[in-house]
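K.L.:
Chains A and B are the protein sequences, given in the same order. Take the first sequence: its letters are residues 1 to 348, numbered as in our numbering. Take the second sequence: its letters are residues 349 to 696, numbered as in our numbering.
Protein chains: 2
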Amino acid sequence: MTARAVTILGAGAMGSALATPLADAGWAVNLWGTWLDDHLLAACRRGEPHPRTGVPLAGSTTLFDSPDLDDALAGADLAVLAVASAGVAEVTRRAARGLAKVRAVLLTSKGFAPDADGRIRLLPDAMRDTAAEQGVTLPPVIAVGGPCKANEVAARRPTGAVFAARDKALAEEIAKNFATPAYRAEPLDDVSGVEVCAPMKNVYAIALGVCDGLAARGGEPFHDLKAATFAAAVRELVLFAELVGGGLRTAIGLAGAGDLEVTGNSGRNKIYGVRIGAGESAAAAYAAMQAEERTVEGVPAAGLAAKLVDQRAPQLWSELPLFRAIRDILAGHDDPGARITDAVLPRV
Amino acid sequence: MTARAVTILGAGAMGSALATPLADAGWAVNLWGTWLDDHLLAACRRGEPHPRTGVPLAGSTTLFDSPDLDDALAGADLAVLAVASAGVAEVTRRAARGLAKVRAVLLTSKGFAPDADGRIRLLPDAMRDTAAEQGVTLPPVIAVGGPCKANEVAARRPTGAVFAARDKALAEEIAKNFATPAYRAEPLDDVSGVEVCAPMKNVYAIALGVCDGLAARGGEPFHDLKAATFAAAVRELVLFAELVGGGLRTAIGLAGAGDLEVTGNSGRNKIYGVRIGAGESAAAAYAAMQAEERTVEGVPAAGLAAKLVDQRAPQLWSELPLFRAIRDILAGHDDPGARITDAVLPRV
Chain A
1 MTARAVTILG AGAMGSALAT PLADAGWAVN LWGTWLDDHL LAACRRGEPH PRTGVPLAGS
61 TTLFDSPDLD DALAGADLAV LAVASAGVAE VTRRAARGLA KVRAVLLTSK GFAPDADGRI
121 RLLPDAMRDT AAEQGVTLPP VIAVGGPCKA NEVAARRPTG AVFAARDKAL AEEIAKNFAT
181 PAYRAEPLDD VSGVEVCAPM KNVYAIALGV CDGLAARGGE PFHDLKAATF AAAVRELVLF
241 AELVGGGLRT AIGLAGAGDL EVTGNSGRNK IYGVRIGAGE SAAAAYAAMQ AEERTVEGVP
301 AAGLAAKLVD QRAPQLWSEL PLFRAIRDIL AGHDDPGARI TDAVLPRV
Chain B
349 MTARAVTILG AGAMGSALAT PLADAGWAVN LWGTWLDDHL LAACRRGEPH PRTGVPLAGS
409 TTLFDSPDLD DALAGADLAV LAVASAGVAE VTRRAARGLA KVRAVLLTSK GFAPDADGRI
469 RLLPDAMRDT AAEQGVTLPP VIAVGGPCKA NEVAARRPTG AVFAARDKAL AEEIAKNFAT
529 PAYRAEPLDD VSGVEVCAPM KNVYAIALGV CDGLAARGGE PFHDLKAATF AAAVRELVLF
589 AELVGGGLRT AIGLAGAGDL EVTGNSGRNK IYGVRIGAGE SAAAAYAAMQ AEERTVEGVP
649 AAGLAAKLVD QRAPQLWSEL PLFRAIRDIL AGHDDPGARI TDAVLPRV
């Protein structure tokens, strides 16, 4: 039997990490690096651990440099799009003709994409629009979500993902074909719910980080406040999922509450929040993270999500007290702990 | 205006802590210590911090020793029952006549109580049965839940609780009368949902601790597994809430997911799980915790919860893979990490 072939677009942390379960599951894996990934591919070619995950690339992976996109996609049964969200449009444009020939595109990139008129779209819609401009109709886009740290996926530590397709049977089939002892995906039919939970959990992780950071001021932890913030974040994730036509079960499952749990305990968005909670201004903390080349995805996501609410359901603002608090904190509110407390403690 | 009077039964961590918000909210507070609390009251009388919270008792609190139960309850408008769950029956029996005269009893103790025939009851039902044996009808019992660490409540760090009464208007009124800037409660009508989430979150926190403990073996964290375990625990909390006639919203709110967040990151049940994850046998870890006089409430709760499922809904077992895994681990399963992985990763 010929091995099935998958092409991963994007050789950063998540793209390179997924080569591990795919190779373990019996796929022939092509890994294509964007014009920003040359140094990552070079390190892999030298046999070094991938610079972003610290884990060696799965041995059987075939590497392709950015000019060789067509070759990378030739003969692929499936594609995985795993570039930074800012690169999704450009890579989709360049890869559109090759992507048209695969059975499905799994999308791990997450974010919100404004169209030319400033209307906020979810990434699968933005990808379809971009491909249409090239005269191409994309195959089904499968939203990949859930608590998946790239270094853990690469190192075969147990990971539960979600794969969401409009056609749930397709998600089921692909989840089966991806399954390894360490990496398994729950099939869902809620593409939009998964797509909105992923960037929003980054936004809410900033607030969870703020709660952790408050301990640096008084020396005592604020566990109760962090837990109340977590519960408020789950409540608001449900509202965001419903806003885009998704479901509560997605928001309280792996893609929502599960991913929020890990994102609020580790990662850049949380670290950014810790700095703010500990006393840095939001602007200074952001500049410091930028200087360290540490992207804080929750910050741009918060701005775009605010537009999404404005455009689609402005009446929802009154039910999003924690999101409003985060917006105020990012805008420089001078007492982030008090602002979150006011937002998340029950009103009586 | 005469200050309203509240009597707190139980001078341990939570009982003594609640004196702070109650005094701040304008209540005259009586704090009664059980026959096990003499040394705690003695420390408070000497002006020392409460031994269990490390925080001084609210200054205006009036202390009562165990023989003075009737005096402590005389004239009270409200009572709070805050003894260890093993003491609920005996204290209810002794206090029944005094409790009959208050407007409502707030219950912070949490657990499952078998009746004489071994049928598992929730604590409010057990209290009513005990009082009935004394010929007494209790006033409404209000279930207090949510992420409330006693030392944080005592120290006025922000805390969001839930108060659940069958009559939600009563819960609302009492939540209003308890509210301070730092302590606020969400009124609910789901007594059973709150009562079942509290002990079950202790059970699930053991599994979250196991995930943290695994890092001690290989040196690398298992964040993805912990997050998947968290999502599985939330899913099963929903099923437990529904099993006792409660609701999903309770299980995904402060009393469920919120309390699970803090319990899975700190506290004795989590620490017990960490020891198991790091390689100790469940029995040895339990003995060590007992030797340090550190109660692991999730262990007896797991046994009683299993009886609850057997008695009320044995068909539910197939939907509780994580709970089954925890039962196996407590019974000595030799690979707790693999057992949890098998339970929480999606099945395909």
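All residues carry an ideal CB built from backbone N, CA and C; glycine is no exception.
What span of residues does the beta strand (DSSP E) with B:ARG469 cover, start to end?
P.N.:
It spans 468-470 - the beta strand (DSSP E) in which B:ARG469 sits, taken as one unbroken run.
K.L.:
Using a C-beta to C-beta distance shorter than 7 Å, which residues of chain B count as neighbours of A:GLU186?
P.N.:
Within chain B, the residues near A:GLU186 are PRO694.
K.L.:
Would you decide whether A:ALA175 is buried or exposed? Buried here means 16 or more other CB atoms lie within 10 Å of its CB.
P.N.:
It counts as buried.
K.L.:
Comparing alpha-carbon positions, which option in A:PRO147, A:LEU243, A:GLU172 lies nearest A:GLY160?
P.N.:
Nearest of A:PRO147, A:LEU243, A:GLU172 to A:GLY160, Cα basis: A:PRO147.
K.L.:
So with Cβ pairs under 8 Å, would you call B:CYS545 a contact of chain A?
P.N.:
B:CYS545 does not count as touching chain A.
K.L.:
Considering A:PHE222, what are the terminal residues of the beta strand (DSSP E) in which it resides?
P.N.:
Unbroken run through A:PHE222: none, as it is neither H nor E.
K.L.:
Does DSSP put A:VAL309 in a helix, a strand or coil?
P.N.:
Here A:VAL309 sits in helix by DSSP.
K.L.:
Where does A:GLU152 land, buried or exposed, given buried means 16+ other C-beta within 10 angstroms?
P.N.:
Under this definition A:GLU152 is a buried residue.
K.L.:
So the candidates are A:SER318, A:ASP334, A:GLY332; which of them puts its Cα closest to the Cα of A:ALA343?
P.N.:
Ranking A:SER318, A:ASP334, A:GLY332 by Cα distance to A:ALA343 puts A:SER318 first.
K.L.:
May I ask which residues mark the beginning and end of the beta strand (DSSP E) holding B:ALA461?
P.N.:
Element bounds for B:ALA461: 460-462.
K.L.:
Chain A partners of B:ASP607, CB-CB under 8 Å?
P.N.:
Neighbours of B:ASP607 on chain A, chain order: ALA227.
K.L.:
Assess, as a yes-or-no matter, whether the segment 324-333 of chain A is touched by the segment 459-470 of chain B under the definition of 3 or more beta carbon pairs within less than 8 Å.
P.N.:
Flag = no, the segment 459-470 of chain B and the segment 324-333 of chain A do not touch.
K.L.:
Note down the Cα distance separating B:ALA661 from B:GLY561, rounded to an integer number of angstroms.
P.N.:
The alpha-carbon atoms of B:ALA661 and B:GLY561 are separated by roughly 32 Å.
K.L.:
Work out the CA separation of B:ASP419 and B:ASP413 for me, nearest whole Å.
P.N.:
Straight-line Cα distance between these residues: approximately 10 Å.
K.L.:
Assuming B:ALA563 and B:PHE570 make a contact with CB atoms under 8 Å, what is their CB distance in whole Å?
P.N.:
Indeed, because the Cβ distance is near 6 Å, the residues count as touching under 8 Å.
K.L.:
Which residues share a DSSP beta bridge with A:ASN30?
P.N.:
For A:ASN30, which the question treats as bridged, DSSP gives the partners A:THR7, A:THR62.
K.L.:
Judging by CA-CA distance, which residue of B:GLY566, B:GLY601, B:GLY567 is the nearest neighbour of B:ARG583?
P.N.:
Answer by Cα proximity: B:GLY601.
K.L.:
Which residues in the same chain have their Cβ closer than 6 Å to the Cβ of B:ALA353, if we skip the five residues on either side of it in sequence?
P.N.:
Within the same chain, B:ALA353 has close Cβ partners ALA376, GLY423, ALA424, ASP425.
K.L.:
Anyone know if the C-beta pair for A:VAL350 and A:ALA255 falls short of 8 Å?
P.N.:
No answer is possible for residue 350 of chain A: the residues shown for chain A start at 1 and end at 348.
K.L.:
Which residues does DSSP pair with A:THR159 in a beta bridge?
P.N.:
Paired residues: A:TYR183.
K.L.:
Could you list which residues in chain A have their beta carbon closer than 8 Å to that of B:HIS387, in chain order?
P.N.:
Per Cβ cutoff of 8 Å: no residues; B:HIS387 is ~25 Å from chain A at best.
K.L.:
Since A:LEU254 meets chain B, which of its residues come closer than 7 Å, beta carbon to beta carbon?
P.N.:
The contacting residues are ALA576, ALA579.
K.L.:
Please report whether the beta-carbon of B:HIS681 lies at a distance below 8 Å from any beta-carbon of chain A.
P.N.:
Chain A, which has no Cβ nearer than 8 Å to the Cβ of B:HIS681, makes this no.
K.L.:
Three or more beta-carbon pairs under 8 Å between the segment 46-55 of chain A and the segment 86-93 of chain A, yes or no?
P.N.:
Contact between the segment 46-55 of chain A and the segment 86-93 of chain A is absent, because fewer than three Cβ pairs lie under 8 Å.
K.L.:
Say whether chain B places a C-beta atom closer than 8 Å to the C-beta of A:PRO158.
P.N.:
Closer than 8 Å to some Cβ of chain B, the Cβ of A:PRO158 qualifies, so yes.
K.L.:
Would you call the segment 237-245 of chain A and the segment 179-198 of chain A touching, i.e. three or more CB-CB distances under 8 Å?
P.N.:
Contact holds: three or more Cβ-Cβ distances are below 8 Å.
K.L.:
Can you name the residues of chain A whose CB is closer than 7 Å to the CB of B:VAL582?
P.N.:
Per Cβ cutoff of 7 Å: ILE252, ALA257.
K.L.:
Under the assumption that B:ALA452 contacts B:PRO488 (Cβ atoms under 8 Å), give the Cβ distance between them as a whole number of angstroms.
P.N.:
That belief holds up - the Cβ atoms of B:ALA452 and B:PRO488 are roughly 5 Å apart, short of 8 Å.
K.L.:
Step through the CB atoms of chain A and report whether any lies within less than 8 Å of the CB of B:MET349.
P.N.:
Confidence is the limiting factor: at B:MET349 the pLDDT is only 41, short of 50, which leaves the residue's position unreliable and the question unanswerable from this model.
K.L.:
Can you grab the Cα-Cα spacing for the pair A:LEU18 / A:ALA155, in whole Å?
P.N.:
Those two C-alpha atoms are separated by around 10 Å.
K.L.:
For A:GLY209, which of A:ALA169, A:LYS226, A:GLY118 has the nearest alpha-carbon?
P.N.:
Checking every option, the nearest Cα to that of A:GLY209 belongs to A:LYS226.
K.L.:
Return yes when the Cβ of B:THR382 is within less than 8 Å of the Cβ of B:GLY435, no when it is not.
P.N.:
Contact: yes.
K.L.:
Please name the residue or residues paired with B:VAL492 in a DSSP beta bridge.
P.N.:
In DSSP, B:VAL492 forms a bridge with B:PHE511.
K.L.:
Does the ligand NAP have even one heavy atom less than 7 Å from the beta-carbon of A:GLY75?
P.N.:
This structure lacks the ligand NAP; in fact it carries no ligand of any kind.
K.L.:
By alpha-carbon positions, which one of A:PRO336, A:CYS44, A:LYS201 ends up nearest to A:ALA241?
P.N.:
That would be A:LYS201, whose Cα lies nearest to the Cα of A:ALA241.
K.L.:
Less than 8 Å between the C-beta atoms of B:ILE490 and B:ALA513, yes or no?
P.N.:
Against a cut-off of 8 Å, the Cβ pair of B:ALA513 and B:ILE490 comes out as a contact.
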